[in-house]
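Numbering (the working numbering), first residue to last: 48 to 335.
Take a look at the structure set out below.
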Amino acid sequence: MQNLKDRADSLARAHRIVGRQPELRSILACLQAGRNVLLEGPVGVGKTALARAVSEGLGRGFVRVDGDGRYSEARLAGHFDPPGVLARGYLPELFIPGPLVQAMREGSVLFVNELNRMPEGVQNVLLPAMDEGLLHIPHLGAVQASPGFAVVATQNPREFVATGHLSEALLDRFELVVLGWQQAEEEAAIVHQEATQGPSAELVARAVDLVRATRSDPRIRRGASVRAAVAIADLAAVMGGDLDQAARLALPTRIELHERDENRVDSVVADLLAQAEKKSPRTATPSS
Ligand SMILES: Nc1ncnc2c1ncn2[C@@H]1O[C@H](COP(=O)(O)OP(=O)(O)OP(=O)(O)O)[C@@H](O)[C@H]1O
Ligand SMILES: [Mg+2]
């Protein structure tokens with residue numbers, strides 16, 4: 048059997064993952080050892096991309112659930128078709144599996160995005176499934192997980208999570224993989240790969256620099272991800288190289304200031320653009 052390093056390597060190649068070798072190896076090791084993984088990192092850092100690549104690389108299916116405060120236990124586990132039950136009673140064939148039961152039966156990876164936003168009752172449904180591979184459903188009975196079933200969940204960094212922290216019991220069933228921002232060269236490679244409008248290398252580099260500047264500006268509480276850089280590079284390419292206008296369109300939705308004030312986002316963006324221009328003046332003037 049290939050070692051972890053080689054497998055992480057070929058996974059990255061097959062799924063066009065730039066960098067992230069240590070993280071890929073960690074996630075692979077956890078899943079191979081039958082553990083569940085909690086990925087922690089800011090929006091757009093690559094959590095979904097890595098989880099999907101590893102699940103598929105292990106030959107397992109991938110069932111995705113997005114956490115929200117109104118999600119219910121019945122939605123996660125599954126439910127009986129009400130008219131069917133009225134007419135015929137609780138027959139097993141009338142049970143409509145939810146993503147949890149589906150993943151358990153298939154031996155797939157259940158990917159729970161933003162698990163911390165799920166109501167506590169929903170989080171608790173996962174507990175027995177995660178350590179015993181067992182779920183008891185009233186009127187249906189016990190569902191036993193097939194080999195390969197695991198939970199990969201994400202949460203945003205704890206400082207950004209205003210409400211809803213994971214319970215101690217739930218945390219005790221996860222290994223933690225923390226994802227930070229990648230280096231500028233890697234982010235440029237991602238933008239180059241994800242962009243659809245063929246931005247020049249210079250536009251890509253400028254978009255990446257600008258986005259990275261949002262992460263260290265003291266006025267900004269939450270900076271932008273590589274997704275913003277892709278948007279800026281593509282928009283600028285479409286607008287004849289007008290990076291300023293592209294940034295004004297793409298950044299306001301993707302950064303959050305310390306003090307909430309709609310008008311100031313624009314002036315912070317203008318500032319960042321001026322700083323970027325001073326640091327490395329444009330080589331070509333945008334055509335209009
Ligand atoms: N290392 C990487 N290699 C290749 N593409 C990447 C990498 N990291 C991120 N991306 C790309 O950047 C985009 C954002 O990544 P992804 O959706 O995985 O982030 P996320 O952490 O799941 O975000 P969210 O918190 O919004 O769910 C995707 O298009 C993804 O393919
Ligand atoms: Mg995601």
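All C-beta atoms, glycine included, are put in the ideal place defined by N, C-alpha and C.
DSSP three-state assignment for residue i, whether helix, strand or coil
{"i": "Ala338", "result": "The question about residue 338 has no answer, for the chain in this structure spans 48 to 335."}
{"i": "Glu306", "result": "coil"}
{"i": "Ser335", "result": "Confidence at Ser335 is low in this model, with a pLDDT of 45, below 50, so its placement is unreliable and the value that follows should be read with caution. Ser335 falls in the coil class under three-state DSSP."}
{"i": "Gly145", "result": "coil"}
{"i": "Gly104", "result": "helix"}
{"i": "Ser327", "result": "coil"}
{"i": "Ser57", "result": "helix"}
Closer than 7 Å: residue i CB and nearest ligand 2 heavy atom
{"i": "Asn160", "result": "yes"}
{"i": "Thr243", "result": "no"}
{"i": "Thr95", "result": "yes"}
Proximity below 8 Å, CB of residue i to CB of residue j
{"i": "Leu226", "j": "Gly93", "result": "yes"}
{"i": "Glu303", "j": "Arg268", "result": "yes"}
{"i": "Gly168", "j": "Glu120", "result": "yes"}
{"i": "Ala55", "j": "Leu71", "result": "yes"}
{"i": "Pro204", "j": "Glu87", "result": "yes"}
{"i": "Leu157", "j": "Val90", "result": "no"}
{"i": "Pro368", "j": "Leu123", "result": "Because the chain spans 48 through 335 in this model, residue 368 falls outside it and cannot be assessed."}
{"i": "Gly108", "j": "Val159", "result": "no"}
{"i": "Leu85", "j": "Ala200", "result": "yes"}
{"i": "Ser271", "j": "Leu298", "result": "The amino acid at residue 271 is misidentified as Ser; the sequence shows Ala. Yes, they are a contact pair."}
{"i": "Gln68", "j": "Ala80", "result": "no"}
{"i": "Asp291", "j": "Leu320", "result": "yes"}
{"i": "Ala100", "j": "His62", "result": "yes"}
{"i": "Ala294", "j": "Val238", "result": "no"}
{"i": "Ile64", "j": "Val224", "result": "no"}
{"i": "Arg266", "j": "Val315", "result": "yes"}
{"i": "Leu187", "j": "Phe221", "result": "no"}
{"i": "Leu213", "j": "Leu173", "result": "no"}
{"i": "Arg273", "j": "Ala242", "result": "The sequence given here places Val at residue 273; Arg does not occur at that position. It is not a contact, given that the beta carbons lie outside the stated cut-off."}
{"i": "Ala275", "j": "Arg301", "result": "yes"}
{"i": "Leu125", "j": "Ser155", "result": "The question names Leu, yet the displayed sequence has Gly at residue 125. It is not a contact, given that the beta carbons lie outside the stated cut-off."}
Closer than 7 Å: residue i CB and nearest ligand 1 heavy atom
{"i": "Arg111", "result": "no"}
{"i": "Ile64", "result": "yes"}
{"i": "Gln240", "result": "yes"}
{"i": "Gly88", "result": "yes"}
{"i": "Arg220", "result": "no"}
{"i": "Gln229", "result": "yes"}
{"i": "Ile237", "result": "yes"}
{"i": "Arg274", "result": "yes"}
{"i": "Gly104", "result": "no"}
{"i": "Arg67", "result": "yes"}
{"i": "Gly91", "result": "yes"}
Short CB-CB distance (under 8 Å) between residue i and chain B
{"i": "Val159", "result": "The structure shown has no chain B; it contains just one protein chain."}
Quiz item: Is the region 157-172 in contact with the region 100-119, if contact means three or more CB pairs nearer than 8 Å?
Solution: Short answer: they touch.
Exercise. Pick out the complete beta strand (DSSP E) segments inside the region 219-305, 3 residues or longer, and give them in chain order.
Key: Taking only runs of at least 3 residues, the beta strand (DSSP E) segments lying wholly in the region 219-305 are 221-225, 267-269.
Quiz item: Given 8 Å as the limit, is there contact between the region 174-190 and the region 142-155, that is, 3 or more CB pairs closer than that?
Solution: Touching, yes, given that three or more Cβ pairs across the two stretches are closer than 8 Å.
Practice problem: Determine, using beta-carbon pairs with one atom in the region 276-295 and one in the region 248-265, whether at least three such pairs fall under 8 Å. | Solution: Segments in contact, yes.
Practice problem: State whether the region 124-143 contacts the region 102-109, with contact taken as three or more CB pairs (one from each stretch) at a distance under 8 Å. | Solution: Counting Cβ pairs under 8 Å, fewer than three are found: no touch.
Quiz item: Three or more beta-carbon pairs under 8 Å between the region 186-194 and the region 233-240, yes or no?
Solution: By the criterion of at least three beta-carbon pairs nearer than 8 Å, the region 186-194 is not in contact with the region 233-240.
Quiz prompt | Segments assigned alpha helix (DSSP H), at least 4 residues, entirely inside the region 65-137 | solution = Runs of the alpha helix (DSSP H) inside the region 65-137: 68-79, 94-104, 120-124, 129-135.
Quiz item: Unbroken beta strand (DSSP E) runs of length 3 or more, entirely within the region 152-200: which are they?
Solution: Within the region 152-200, the beta strand (DSSP E) runs of at least 3 residues that lie entirely inside it are, in chain order, 156-160, 181-184, 188-191.
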